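Novice:
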Amino acid sequence: MELIDTHTHLDFPDFDPDRQALLAESRALGVRRMVVLGVYQANWQRVWELVQSDPDLHAAFGLHPVYLDEHRPEDLTELGDWLTRLAGHRQLCAVGEIGLDYFIETLDRERQQTLFDAQLQLAADFNLPALIHVRRSHAAVIATLKRFRLKRAGIIHAFAGSQEEAREYIKLGFKLGLGGAATWPQALRMHRVIAGLPLESVVLETDSPDMAPAMFPGQRNSPAHLPAICEALAALMTISPEQLAAASTANACELFNW
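Each residue of the sequence shown is one higher than the one before, starting from 2 at the first, in this note's numbering.
The following block contains the structure:
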């Protein structure tokens with residue numbers, strides 16, 4: 002079974018003690034490629050250095066809405082500079098992690114929207130997919146994506162929306178990222194939604210070190226958990242883990258031009 006983890010934060014300090022061992026373990030379990038996402042200007046260099054150390058890692062750079070108060074106006078210009086400098090590099094795969102977070106009420110929604118728009122414009126300008134964070138903001142994100150109509154679309158990370166919202170994203174060309182949260186026993190609505198998703202619109206992810214699956218409660222999440230996530234989600238979709246792995250891998254390769 003060959004798998005691709007389309008969403009990790011492997012640069013985070015959580016992995017400093019055993020990063021190389023974890024990468025080796027993940028590969029032995031069939032996780033061939035992993036995407037590492039930048040979330041604020043100060044971690045882009047760390048992400049890139051990590052990715053440069055391993056040919057099977059790929060980088061995305063963005064300004065995450067949760068870190069809104071840390072982002073400076075000049076960070077957007079710098080993001081454009083990074084994308085210009087790395088344009089065409091085989092290990093640059095997307096703009097992300099970007100999006101809207103309405104779960105944290107103290108985050109200014111207008112500033113979030115302005116930042117989201119500017120980064121979607123960069124994705125359009127550089128013809129890159131966008132890796133999108135959505136929390137309690139599906140309507141606003143869908144409306145925004147309809148304005149931009151990105152040619153290469155992207156991934157809705159940790160998708161937890163309704164069947165109708167799934168349909169809207171799919172119509173816009175987006176893949177739906179499924180990971181550990183979808184395995185939780187309390188996610189009953191999500192289980193029903195997943196059962197009806199078209200295979201050609203699904204990609205697998207972990208969001209390591211966050212969102213550990215139900216099989217590893219309270220643990221640090223990692224790409225090594227992706228086979229177990231695949232197995233649990235395949236059961237919800239009433240297909241074999243091999244079918245889901247093959248579809249997810251094909252979908253990720255198509256999206257990222259691998």
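Glycine included, C-beta positions come from ideal geometry on N, C-alpha and C. All values derive from a computational prediction rather than experimental measurement.
How many angstroms separate the CA atom of SER223 from the CA atom of ALA247?
Specialist: So the alpha carbons of these two residues sit roughly 20 Å apart.
Novice: Got a sec? Which residues, its chain only, sit under 8 Å from VAL32 by beta carbon, not counting five neighbours each side?
Specialist: Correct list, in chain order: LEU4, ILE5, ASP6, PRO224, ALA225, LEU227 and PRO228.
Novice: Sorted by chain position, which residues of the same chain lie with C-beta nearer than 8 Å to ARG112's C-beta, five sequence neighbours on each side aside?
Specialist: Only LEU69 meet the Cβ criterion.
Novice: So HIS139 is in the alpha helix (DSSP H); what residue range does that whole segment cover?
Specialist: Unbroken alpha helix (DSSP H) run through HIS139: 139-149.
Novice: Count the C-beta pairs between the segment 44-60 and the segment 115-130 that are closer than 8 Å, then say yes if the count reaches three, no if not.
Specialist: Flag = no, the segment 44-60 and the segment 115-130 do not touch.
Novice: For the beta strand (DSSP E) containing VAL32, name the first residue and the last one.
Specialist: Counting along the chain, the beta strand (DSSP E) containing VAL32 begins and ends at 32-38.
Novice: So, at 7 Å on beta carbons, what are the nonlocal neighbours of ALA159 in its own chain, with the 5 sequence-adjacent residues on each side left out?
Specialist: Cβ within range, chain order: GLY178, GLY180, ALA182, ASP208 and MET212.
Novice: Can you tell me whether GLN42 is buried or exposed? The criterion is at least 16 other CB atoms within 10 Å of its CB, across all chains shown.
Specialist: By the 10 Å Cβ count, GLN42 comes out buried.
Novice: Helix, strand or coil, according to DSSP, for LEU205 in the structure here?
Specialist: Residue state, collapsed to three classes: strand.
Novice: For TRP259, count neighbouring Cβ atoms within 10 angstroms of its own Cβ and tell me buried if that reaches 16, exposed if not.
Specialist: Its Cβ having fewer than 16 others within 10 Å, TRP259 is exposed.
Novice: Looking at the secondary structure, which residues open and close the beta strand (DSSP E) in which ASP211 lies?
Specialist: Where ASP211 is concerned, there is no enclosing beta strand (DSSP E), given that its DSSP letter is neither H nor E.
Novice: Taking Cβ positions, are VAL36 and HIS59 nearer each other than 8 Å?
Specialist: It is a contact, given that the beta carbons lie within the stated cut-off.
Novice: Should ASP82 go down as buried or exposed, given a rule of 16 or more other Cβ atoms within 10 Å for buried?
Specialist: With fewer than 16 Cβ atoms within 10 Å of its Cβ, ASP82 is classed as exposed.
Novice: Please go through the same chain and pick out, in chain order, the residues whose beta-carbon is closer than 7 Å to the beta-carbon of ASN44, but skip the five residues on each side of it.
Specialist: ASP12.
Novice: Looking at the unbroken alpha helix (DSSP H) that takes in LEU129, where does it start and where does it end?
Specialist: Segment: none, LEU129 is in no alpha helix (DSSP H) and carries neither H nor E.
Novice: Helix, strand or coil: how does DSSP classify GLY1 here?
Specialist: Residue 1 cannot be examined here, being either before or after the span of the chain that is shown, 2 to 259.
Novice: Between ARG136 and the rest of its own chain, which residues show a CB-CB distance below 6 Å, the 5 nearest in sequence each way excluded?
Specialist: ASP102 and PHE104.
Novice: Helix, strand or coil for PHE62, going by three-state DSSP, please let me know.
Specialist: Residue state, collapsed to three classes: strand.
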